[in-house]
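Enquirer:
Protein chains in written order, with the working numbering: chain A, 516 to 849; chain B, 2 to 493; chain C, 219 to 335.
Below, the structure is given as structure tokens:
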């Protein structure tokens, strides 16, 4: 396919489809995340990128036979590996036997006093935030890294007069979408409300800091899309949002440090309160908050920087056009 | 506080990174990063001493006991690598402030330090953790920051190099993820210690064989084993000098650590080396890597490229030692991890100093530098001698043990090939020396002054270490021996 | 036997489609799309492991005793986040490469680099 727009849309559809796979396989939390990430954020990023780099692919693929051979070999190896695997859905598979049942029973019955209980009905949240809380800390660090990485790659320092010029273009463009703007203005509070619900309901149903963060960010991104980046920039200060991203990570880490100071191991939430269940609840609440803050800010940072590049391009339209036509000429000569 | 050292080792740089972003002022951030890295170094020293005297340390995160929660497990091997990484990072950071002034735009300085610390934390996390999935998470922290750091290079080719590295690195990480998934499928656990206990029951299955294959291929992509090394030379050559010095000395070492940890401690030697023809495969690839990469190094026009290819060759030596799979062979590999970090750290930093003064690292721009930057070039000469393996340098020590291991096994041809590889090293090191001392400076290049003290100090710290550990081998040999013996002791 | 494993085989085929796109395509955006498909398929693979026949989503409730395995779900939640982080950085690189080289085709970029050397 030569049209990258179609490629991006199809990949979004693939994300949505796999989210529905996850639902049929009872992984609701994962489905929620995949739907917001695979079909939402990553498609959005791809569309923005395509808007910057151009919609159509030029060259042909090369050395497909070698690639085909490698792929074929890898695939056969994997299928060979599945031959000794337990059957799909088998409750007796080793994966479902050794460690996992503990998580389920522990939270229901809590008979095993030697292991602490989390006391959260959504087992995925319990494992994510408490048993394997350190993985989640790593995950927040990964997202933070991505935010900084995008910032390092794409951040543009703009002079104020350029900013004004771009703002003027935006103004004229966005006057047209009056109805959309009003609808979105009404919608945004509801989106934010929903995000808050997802944020704090993660203990009981599917949801949690990450999903909530993405929805929060979606609200800001919608706003930026319709009211123009410079207006959105006035609402959300860039330095502030970077500091917020950092603060989210620090909140998460500080919970761990507080447990150390209270004489327990890192991220041991029982240290937070005399009652272990209350401690676990408090710990999960605070770290989810940290996750939410970082994810929201990083998503906004990523989108703003991508869109900032796009805006620059639009503002320098004439200049860019010259360059790209030059590029074409040299290409044809080659 | 002593009990918490394993986690503090990783958490200190990991939390310092966002703190840096809040601090904002580049000078302040540099100082802060340097202090953070210094603290990490002190922690690793203390951890190594604890491990050497009291044995393996286990630290359960979140207070959940081992297979249910995530465990940090530090034995001699982990402590040894933590020490290498944090030491190199600290020394390299000394020169960072001066170096990036010329190579990275001013508004990116703070971000540079944030990414640097994240990458440091990622590598320390990979090494310290005792949980297979946690390895993947920290691998991604270190890789993502690595891609971004490399792309900060001045030349536009750094972008392309970084993109290629991103694709290869992510394929590698996804392979590792598949491998971990299959292992989990067959055992129901992610904890390394627990995996080692539960895997032997199922090693005969085809699934475990495939899990092993995917994991190994994924790691080999990361460690740039020939012929999966294509991403490395460009990534090292076009990254900012500081980044190159840091990564060349540490990042492939982390991948080798993973290889050793999974084959020796988790899958067990009998499975890794007797059931599979791993020994032959790695020996062949290692030797091929030494020769192909050394010969490629000889024909490079850019000194950074030259040294990067030499890095691929050095990985070859480590893999040869590893594939001999005796205590001495593994010890040689571990020694070379440490020694190679010292040489390449020194060499790339010295080249960074040249970059700072001359603004280029092309071989022809080195002409006449022997007189214009005598102290820096002397460092390069010593580093080069160490790379060749001349006695009284660290390079000699690791080559010596490698030869010893090969001869112990009666593998005379291998020993001779290793020596031949060193001859190739003489050729490419000579090319730098020849340009610097025996050729007249180019007319179109302005004469330059000696590098500033902020460069000379860290470079010479590393050079001195090259000589010191080449003469007094007690520390490195003792630790490497203990680590190697414990790896063989766990699974005889 | 065939029925018991077919699900994994479908996933393997999906994975390999993604993998093929990554290594065979020359367009930088397509490579990243391929990487996405590859990773998402690995996620499906993990979730397949967690499925237990007749089990429900692992949210505890009265009267239900069979749940699917929560651990792979947690791992994949983390992995999805890692995936989007990689995608973001990869696309940012593609944008910069377009700016620096004026192209996002592997062949053209390589050709321009070779010219310089």
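Heads up, the beta-carbon is just placed ideally off N, CA and C, and yes, glycines get one too. The structure presented is a predicted model; accordingly, all values stated were derived computationally and were not measured.
What are the residues of the segment 111-143 of chain B that lie near chain C, defined by any Cβ-Cβ distance shorter than 7 angstroms?
Expert: 134, 138 and 141
Enquirer: With a threshold of 7 angstroms on Cβ separation, who are the neighbours of residue 261/C within its own chain once the five nearest residues in sequence on each side are excluded?
Expert: 294, 297 and 298
Enquirer: Please decide whether residue 157/B counts as near chain A, where near means a Cβ-Cβ distance under 8 angstroms.
Expert: no
Enquirer: Kindly indicate which three-state DSSP category residue 71/B falls into: helix, strand or coil?
Expert: In the structure shown, residue 71/B adopts coil according to DSSP, grouped into three states.
Enquirer: Let me make sure I understand the geometry here. Which of 606/A, 532/A and 766/A has the alpha-carbon closest to that of residue 283/C?
Expert: 606/A
Enquirer: Classify residue 494/B as helix, strand or coil using the three-state DSSP reduction.
Expert: In the structure displayed, chain B extends from 2 to 493; residue 494/B sits before or after that span and is not available.
Enquirer: Using a Cβ-Cβ cut-off of less than 7 angstroms, list which residues of the segment 147-171 of chain B approach chain C; keep chain order.
Expert: 148, 149, 152, 157, 158, 160, 161, 163, 164, 167, 168 and 171
Enquirer: Starting from residue 117/B, follow the beta strand (DSSP E) in both directions and report where the run begins and ends.
Expert: Annotation for residue 117/B: no beta strand (DSSP E) segment contains it, though the alpha helix (DSSP H) segment containing it runs 110-129.
Enquirer: Short of 7 angstroms Cβ to Cβ, which residues in the segment 181-202 of chain B face chain C?
Expert: 182 and 186
Enquirer: If you compare alpha carbons, which of 102/B, 141/B, 332/B and 17/B is closest to residue 400/B?
Expert: The residue from 102/B, 141/B, 332/B and 17/B with its alpha-carbon nearest to that of residue 400/B is 332/B.
Enquirer: Does any CB atom of chain B fall closer than 8 angstroms to the CB of residue 308/C?
Expert: Chain B contact via Cβ: present.
Enquirer: Cα separation between residue 624/A and residue 135/B?
Expert: Annotation note: pLDDT 41 at residue 624/A (below 50); position unreliable, coordinate value reported separately. Their Cα atoms are separated by approximately 28 angstroms.
Enquirer: Look at the Cβ atom of residue 234/B, then the Cβ atom of residue 310/B, and state whether they are nearer than 8 angstroms.
Expert: yes
Enquirer: May I ask you to list the residues that DSSP assigns as paired with residue 59/B?
Expert: 74/B
Enquirer: Here's the rule: buried if 16 or more other CB atoms are within 10 angstroms of the residue's CB, otherwise exposed. What is residue 163/B?
Expert: buried
Enquirer: Within the segment 555-587 of chain A, note down every full alpha helix (DSSP H) run reaching 4 residues or more, in order along the chain.
Expert: 557-568
Enquirer: What are the uninterrupted segments assigned as alpha helix (DSSP H) that are 4 or more residues long and contained completely in the segment 361-385 of chain B, given in chain order?
Expert: 370-373
Enquirer: What are the residues in the segment 261-272 of chain C lying within 7 angstroms of chain B by C-beta distance?
Expert: 263, 264 and 267
Enquirer: Please report the straight-line C-alpha distance between residue 41/B and residue 595/A, rounded to a whole angstrom.
Expert: 44 angstroms
Enquirer: What residue does the alpha helix (DSSP H) around residue 291/C start on, and which one ends it?
Expert: Looking at the DSSP string, the run of the alpha helix (DSSP H) that includes residue 291/C is 288-319.
Enquirer: According to a CB-to-CB cut-off of less than 8 angstroms, which residues of the segment 61-77 of chain B neighbour chain A?
Expert: For the segment 61-77 of chain B, residues whose beta-carbon sits nearer than 8 angstroms to a beta-carbon of chain A comprise 61, 62, 63, 64, 65, 66, 68, 69, 70 and 71.
Enquirer: Show which residues of chain A have a CB atom less than 9 angstroms away from the CB atom of residue 26/B.
Expert: Per Cβ cutoff of 9 angstroms: no residues; residue 26/B is ~13 angstroms from chain A at best.
Enquirer: If we ignore side chains and look at the alpha-carbon of each, how far apart do residue 476/B and residue 470/B end up?
Expert: 8 angstroms
Enquirer: Figure out for me which residue from 604/A, 527/A, 798/A and 762/A has the closest Cα to the Cα of residue 656/A.
Expert: 762/A
Enquirer: Kindly indicate the opening and closing residues of the alpha helix (DSSP H) around residue 302/B.
Expert: Where residue 302/B is concerned, there is no enclosing alpha helix (DSSP H), given that its DSSP letter is neither H nor E.
Enquirer: Can residue 252/C and residue 243/C be called in contact, C-beta distance under 8 angstroms?
Expert: Cβ distance < 8 angstroms, so residue 252/C and residue 243/C count as in contact.
Enquirer: Closer than 8 angstroms between beta carbons: that is the criterion. Which residues of the segment 538-558 of chain A meet it against chain C?
Expert: 540, 541, 542, 543, 544, 545, 548, 549, 552, 553, 556 and 557
Enquirer: Are the CB atoms of residue 19/B and residue 669/A within a distance shorter than 8 angstroms?
Expert: no
Enquirer: Does at least one heavy atom of the ligand SAM sit under 7 angstroms from the Cβ of residue 5/B?
Expert: For the structure depicted, the ligand SAM is absent and the ligand set is empty, with no information on it obtainable.
Enquirer: Would you say residue 249/C faces chain B, with C-beta separation under 8 angstroms as the test?
Expert: Under the Cβ distance rule, residue 249/C counts among the residues neighbouring chain B, one pair being separated by less than 8 angstroms.
Enquirer: Between the C-alpha atoms of residue 295/B and residue 749/A, what's the straight-line distance to the nearest angstrom?
Expert: 56 angstroms
Enquirer: Have a look at the DSSP bridge pairing and note the partners of residue 808/A.
Expert: Its beta-bridge partners do not exist; DSSP assigns none.
Enquirer: Do the CB positions of residue 721/A and residue 552/A come within less than 8 angstroms of each other?
Expert: no
Enquirer: Buried or exposed: where does residue 422/B fall if 16 or more other Cβ atoms within 10 Å of its Cβ makes it buried?
Expert: Buried is the call here.
Enquirer: At the level of alpha carbons, what is the spacing between residue 660/A and residue 145/B?
Expert: Spanning the two alpha carbons is a distance of roughly 7 angstroms.
Enquirer: If the cut is a Cβ gap below 9 angstroms, which residues of chain C does residue 826/A touch?
Expert: In chain order: nothing, as chain C lies at least about 13 angstroms away.
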